[in-house]
Structure formats: structure tokens, C-alpha cells
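The structure appears below as C-alpha cells.
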Amino acid sequence: MPQQYENKTKARIVGMCDAGLSLQKISELTGIPKTSIQDIVTPFNDHGTVQNLPRPGRKPILNEHNIQQLKVLHKEGIFSRIAVIKPHLQPQHFDKQLAFARAHVDWLLEEWRKVIWTDESSFELLKNPTPTCIWRTQ
Numbered sequence: 001m002p003q004q005y006e007n008k009t010k011a012r013i014v015g016m017c018d019a020g021l022s023l024q025k026i027s028e029l030t031g032i033p034k035t036s037i038q039d040i041v042t043p044f045n046d047h048g049t050v051q052n053l054p055r056p057g058r059k060p061i062l063n064e065h066n067i068q069q070l071k072v073l074h075k076e077g078i079f080s081r082i083a084v085i086k087p088h089l090q091p092q093h094f095d096k097q098l099a100f101a102r103a104h105v106d107w108l109l110e111e112w113r114k115v116i117w118t119d120e121s122s123f124e125l126l127k128n129p130t131p132t133c134i135w136r137t138q
């Protein structure tokens, strides 16, 4: 990012330019490069001010009201967290797991290698992959 000069310095440069001094002469007097002087004088001629103009860019996601609300929540010890995904196992699931283990206790290593282990795979069916956020105290 180019160097930013104080508004009083910019106003002095514009005044010298309005007085009829050349960019080269202003550069020699101030020690500021000629291209920087050009970059100060041109926006003044276009907009009539030496103030820094608003730059393009993404607008803030939160407005002042949202920021104030977050500060109050944080002051009260309430923070946003990502919910832990826990499997909802029922007693019948445990029974099925035990039955599966007993039925396959005699399997050889070659047979187990053919099994696709679901804990090593990711399956998303009709589910939003973004994490669920919750608000809670520490």
C-alpha cells in the first residue's frame, strides 16, 4: 500500500500547485516523489478534497447493533460453539452390534478386509454439511 500523507501535507501540496508551482518544483521543496504529488493533486481536482476517499471492498457483516449484542453476550459468559456430533445409539443398536460380533467371530483376515468400515468413510445423505452452532456458557 502506498504511503499515506497527512491531510495538512496534502493541503500544502495542493496549495503549491494552485500557486502555479510545477510538480517537479513541489517535489524538490517537499521531498515527496513527483508521482505521489500527482496522486494527491488529481483526486483533489476530481473531488475537491484532500481527505482519503472511501475504498471499495466488502461491507462489514455485522452492524453496530450486532456488535453491541455480541459484547453483551460475551460479557455474560455466553459464546458461540460448534455442537458436538454424537451418535444416538438405542438399546436395540447394542443388541445388533453384539449379534454381529458373535456371528462373525470366526472370520479370517481376508474376509474382514472386504468390509467397508463406515467409521472410516463419510456419507452425507440429505444433510447440510455445515456445522451446527450453539450458544452456551463455557
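Counting in our numbering, the sequence shown tops out at residue 138, every number present.
Where is the CB? At the ideal position from N, CA and C, for every residue including glycine.
What you are looking at is a predicted structure, and each value in this text was computed from that prediction instead of being measured.
Please identify the residue among the options whose C-alpha is closest to the C-alpha of residue i.
i: residue 7; options: 20, 135, 35 and 43; result: 43
i: residue 53; options: 69, 128, 83 and 4; result: 4
Per DSSP, residue i forms a beta bridge with which residues?
i: residue 80; result: 135
Ordered along the chain, which non-local residues of its own chain (more than five positions away) have a Cβ less than 7 Å from that of residue i?
i: residue 27; result: 33, 34 and 37
How big is the Cα-Cα spacing for residue i and residue j?
i: residue 40; j: residue 47; result: 11 Å
i: residue 138; j: residue 108; result: 48 Å
i: residue 20; j: residue 31; result: 18 Å
i: residue 84; j: residue 112; result: 30 Å
i: residue 101; j: residue 115; result: 13 Å
i: residue 70; j: residue 98; result: 48 Å
i: residue 143; j: residue 60; result: The structure shown does not extend to residue 143, since the chain is modelled only from 1 through 138, so no value can be given for it.
i: residue 65; j: residue 86; result: 35 Å
i: residue 91; j: residue 129; result: 28 Å
Report the CB separation of residue i from residue j in whole angstroms; it is logged as a contact under 8 Å.
i: residue 81; j: residue 17; result: That pair is no contact at about 57 Å.
i: residue 135; j: residue 67; result: With a Cβ gap of about 16 Å, residue 135 and residue 67 do not count as contacting.
i: residue 72; j: residue 10; result: Not quite, the Cβ-Cβ distance comes to about 41 Å (not below 8 Å), so this is no contact.
Can you give me the Cβ contacts of residue i inside the same chain, cut-off strictly under 6 Å, excluding the 5 residues immediately before and after it?
i: residue 94; result: none
Shorter than 8 Å from the beta carbon of residue i to some beta carbon of chain D?
i: residue 36; result: The displayed structure is made up of one protein chain only, and chain D is not part of it.
In chain order, what residues of the same chain have a beta carbon less than 8 Å from the beta carbon of residue i, not counting five sequence neighbours either side?
i: residue 12; result: 30
i: residue 117; result: none
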